[in-house]
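**Student:**
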Amino acid sequence: MTVRETADILHFEILTGGGALDRPIQSVYSCDLLSFVMGRAPADSAWATVMGNVNAMAVAVLAVIQNESYLVDICLIYAMISFLAVIVLCKIYMGVYAERKKQEEQKTRLDDLEKAGSAQEKEEG
């Protein structure tokens, strides 16, 4: 099943990333701890999770309610880690995408060369 098919079934609205809609989903992984997911989720997994900014806001609200200023520091650290994790995941995804695209281009070139060689053999024969 592809990202597009999954979005259609679940009635999701695609806001960005339309270029990856035909990418197949091999598995689904659900977890709130990004480091756990990054270490254990297989490649080409769809990741279902609570957004990091929701958790950061929960810690910020807790800091206000309990009047504990150190919780604000934890909130900021959590937000920075979430931001960096998004950057890392984007870089990983772009690297995987670039590698697959390169392999597809090489395969296309080889196929074209084989077709050209076949055509030339038919002309000579």
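Residue numbers for the sequence shown follow the numbering used here, so the first one is 1094 and each next one is one higher.
From the three backbone atoms N, C-alpha and C, an ideal C-beta is built for every residue, glycine too.
Return the CA-CA distance between Phe1176 and Leu1203, expressed in angstroms with no decimal places.
**Tutor:** By 1-based counting over the sequence shown, the position of residue 1176 is 83. By 1-based counting over the sequence shown, the position of residue 1203 is 110. Their Cα atoms are separated by approximately 41 Å.
**Student:** Quick one: residues in its chain with C-beta nearer than 7 Å to the C-beta of Arg1097, no 5 flanking neighbours on either side, listed in chain order?
**Tutor:** Position 4 of the sequence shown, counting from 1, holds the residue named residue 1097. Within the same chain, Arg1097 has close Cβ partners Leu1114, Asp1115.
**Student:** Do the stretch 1207-1217 and the stretch 1188-1198 touch if we need at least three Cβ pairs shorter than 8 Å?
**Tutor:** These segments do not touch.
**Student:** Can you say whether Cys1168 is buried or exposed, counting buried as having 16 or more other CB atoms within 10 angstroms of its CB?
**Tutor:** Sequence index remark: in the sequence shown, residue 1168 carries index 75 (1-based). Cys1168 is buried by the Cβ-count criterion.
**Student:** Would you list the residues sitting across from Ser1221 in a DSSP beta bridge?
**Tutor:** Coverage of the chain is limited to positions 1094 through 1218, which leaves residue 1221 absent and any answer about it impossible.
**Student:** Unbroken alpha helix (DSSP H) runs of length 4 or more, entirely within the stretch 1137-1192: which are they?
**Tutor:** The qualifying runs are 1145-1159.
**Student:** Counting C-beta neighbours from all protein chains within 10 Å, is the total for Ala1136 16 or more, i.e. buried, or is it exposed?
**Tutor:** Numbered from its first residue, the sequence shown carries residue 1136 at position 43. The residue in question, Ala1136, is exposed, as its Cβ has fewer than 16 Cβ neighbours within 10 Å.
**Student:** Check the DSSP bridge columns for Thr1109 and list the partner residues they point to.
**Tutor:** Counted from its first residue, the sequence shown places residue 1109 at position 16. Its beta-bridge partners do not exist; DSSP assigns none.
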